[in-house]
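One structure below.
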Amino acid sequence: MNRFENFKAGLIKDNPVFSLFLGICSTLAITTTVNNAIGMGVSVIIVLIMSNVIISCVRKITPDEIRIPVYIVIIATLVKIIQMLIQAYAPSLNTSLGVFIPLIVVNCIILGRAEAFASKNGILDSALDGLGMGLGYTLAVLAMSFIRELISTGGIKVVNPFNEAQVWLNLHIIPENFTISIFGSSVGAFITFAVLAAAVGAYKQHVTAKEEAAAKEEK
1 MNRFENFKAG LIKDNPVFSL FLGICSTLAI TTTVNNAIGM GVSVIIVLIM
51 SNVIISCVRK ITPDEIRIPV YIVIIATLVK IIQMLIQAYA PSLNTSLGVF
101 IPLIVVNCII LGRAEAFASK NGILDSALDG LGMGLGYTLA VLAMSFIREL
151 ISTGGIKVVN PFNEAQVWLN LHIIPENFTI SIFGSSVGAF ITFAVLAAAV
201 GAYKQHVTAK EEAAAKEEK
């Protein structure tokens, strides 16, 4: 694949959540609000890009026998930096996300891209791969959190993580009598995930069928 195709693959075709089924634990846990999804998504994007770039830089001098421990140290250091910045400048977000910020270290998406891509490719390609996969993860958690928050509370509220008094979006659509509170629980998380994963799978099958039909016509 060329660089653009590799970048684009992480959005839908190889979406880390709905296609590769990676990082499911944090996805199910933090998607109660759009605010949480934005914070976690941005954090994962930053860690993915920076870890991919650093690992790509050291790939030729890292012995195969210790490459996984080296990758984990790099990822853990970056995650700790992100966590400290969030604690300092967005304490409310830090409280909402809780333990799932440091758990980015063991997120399968981060280590998976380090091992499968960054350790075998150049710096620019690795950075684009990290950006594509990070955006794919962010779109996934945003979609889930939007559906769950809207159905469980009747609206969407997004505040400035650096200043809780500043509201960026406060949209109320569904009357309180018609909300379904179960979507704010783990059951709602699994239902939302299953529906979206099925939709992505159906879309991929449709695209594959069209490509196969076009190939047959060309023959």
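For the sequence shown, counting from 1, position 35 maps to 35 in full-length UniProt numbering; every step adds exactly one. The C-beta atom is built at its ideal place from N, Cα and C for all residues, glycine as well. Here the structure is a predicted model, which is why all the values come from computation and not from measurement.
Our two residues, V73 and S51, have alpha carbons roughly 10 Å apart in a direct line. Going by C-alpha positions, G188 is about 6 Å away from I182. For H172, the beta-bridge partners assigned by DSSP are G155. Going by C-alpha positions, L131 is about 31 Å away from A165. No Cβ-Cβ contact shorter than 8 Å links S185 with T33. In its chain, beyond the 5 residues on either side, G132 have a beta carbon closer than 8 Å to the beta carbon of K8.
DSSP places V17 in the coil class of the three-state scheme, outside both helix and strand. In this structure, I12 and V200 form a Cβ contact; the two beta carbons are roughly 7 Å apart against a cut-off of 8 Å. Secondary structure within the segment 120–156: the alpha helix (DSSP H) runs of 4 or more consecutive residues, fully enclosed, are 123–153 (chain order).
Here F18 has A140, L196, A197 and V200 as same chain residues with Cβ atoms under 7 Å from its own Cβ, once five neighbours each way along the sequence are excluded.
Proximity of the segment 161–177 to the segment 44–60 falls short of the contact definition, fewer than three beta-carbon pairs being nearer than 8 Å. Between the C-alpha atoms of L85 and F100 there is a straight-line separation of about 15 Å.
Selection D14, N177 and S119 evaluated against V53 yields S119 as nearest (Cα-Cα).
With a beta-carbon spacing of about 6 Å, G23 and Y137 fall inside the 8 Å limit used to define contacts. A distance below 8 Å separates the beta carbons of L171 and G155. For the pair H206 and E212, the Cα-to-Cα distance works out to about 10 Å. Take the alpha-carbon of G10 and the one of D129: they are about 8 Å apart.
Using a Cβ distance threshold of 8 Å, F190 and L20 do not count as a contacting pair.
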